[in-house]
């Protein structure tokens, strides 16, 4: 069974379609001396995804089922979760911009790349994984990068999270994570079992003790990037 290195974990996965094999290929790991866990896609998993995403292709069900299982295992055993966001690397740190689909996360991060060139690297444009390792939080790229496939296989210390809202004018303020917990939970997958939910809440609590949470109200101009730079530089 092929082994993939995702979020600093060796994960054995047996792709059932050529699409999934290509999808995961850049994370293939040939030097693994151990396996942290395995993911085997079952018929029940495919059927579950088909109810959530009707009329999609079977390879979409397969890749989605794999990601769901990986995130479940990481949350249960490896102090991590995914955040629906666009994550970039700037000055050696990861910054994540989270918002509901269609708000403009990808467009905003695209402005960073246009404005600052190779000073900015995309980590993951849709579902970066955040893990706590030795009391520090890291943001990881992974194959699930969104419809434009923007991202890189990186591990970057997490520097901050921004809740992005559209506005005609640009402003940024540091906010209380407790007051915005529902927003954050809506941007990840909330587990159904009690222990995993407690793990998620504990990780969010620890994350925002370590890094700041901001509300960014912005338009789609370079001034929006400058507004963020004013609080991280």
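Numbering (the numbering used here), first residue to last: 38 to 270. All C-beta atoms, glycine included, are put in the ideal place defined by N, C-alpha and C.
Residue interval of the beta strand (DSSP E) (run including residue i)
i: residue 208; result: 208-211
i: residue 232; result: Careful: residue 232 lies outside any beta strand (DSSP E), inside the alpha helix (DSSP H) at 231-247.
i: residue 65; result: Neither: residue 65 is in no beta strand (DSSP E) and is coded neither H nor E.
i: residue 176; result: 173-177
Residues that residue i bridges to, as DSSP identifies them
i: residue 119; result: 166
i: residue 202; result: 254
i: residue 47; result: 42
Endpoints, the alpha helix (DSSP H) within which residue i is located
i: residue 147; result: 142-153
i: residue 260; result: 259-269
i: residue 220; result: 218-222
i: residue 80; result: 80-89
Residue i vs residue j beta-carbon contact at 7 Å
i: residue 187; j: residue 159; result: yes
i: residue 225; j: residue 118; result: yes
i: residue 176; j: residue 167; result: yes
i: residue 179; j: residue 43; result: yes
i: residue 152; j: residue 262; result: yes
i: residue 78; j: residue 93; result: no
Reference residue i, options the options, closest by Cα
i: residue 223; options: 232, 152, 148 and 138; result: 138
i: residue 183; options: 143, 173 and 61; result: 143
i: residue 98; options: 247, 111, 81 and 269; result: 81
i: residue 209; options: 254, 38 and 49; result: 254
i: residue 120; options: 221, 261 and 96; result: 221
i: residue 164; options: 152, 157, 270 and 107; result: 107
i: residue 48; options: 55, 62, 201 and 54; result: 62
Residue i versus residue j: straight-line alpha-carbon distance, rounded
i: residue 162; j: residue 124; result: 6 Å
i: residue 4; j: residue 229; result: Given a span of 38 to 270 for the chain in the structure shown, any question on residue 4 remains unanswerable.
i: residue 245; j: residue 39; result: 36 Å
i: residue 240; j: residue 109; result: 14 Å
Within-7 Å CB hit, residue i to chain B
i: residue 60; result: The structure shown contains no chain B, having only a single protein chain.
Any non-hydrogen atom of the ligand ATP within 6 Å of residue i CB
i: residue 152; result: Because no ligand of any kind appears in the structure shown, any question about the ligand ATP cannot be addressed here.
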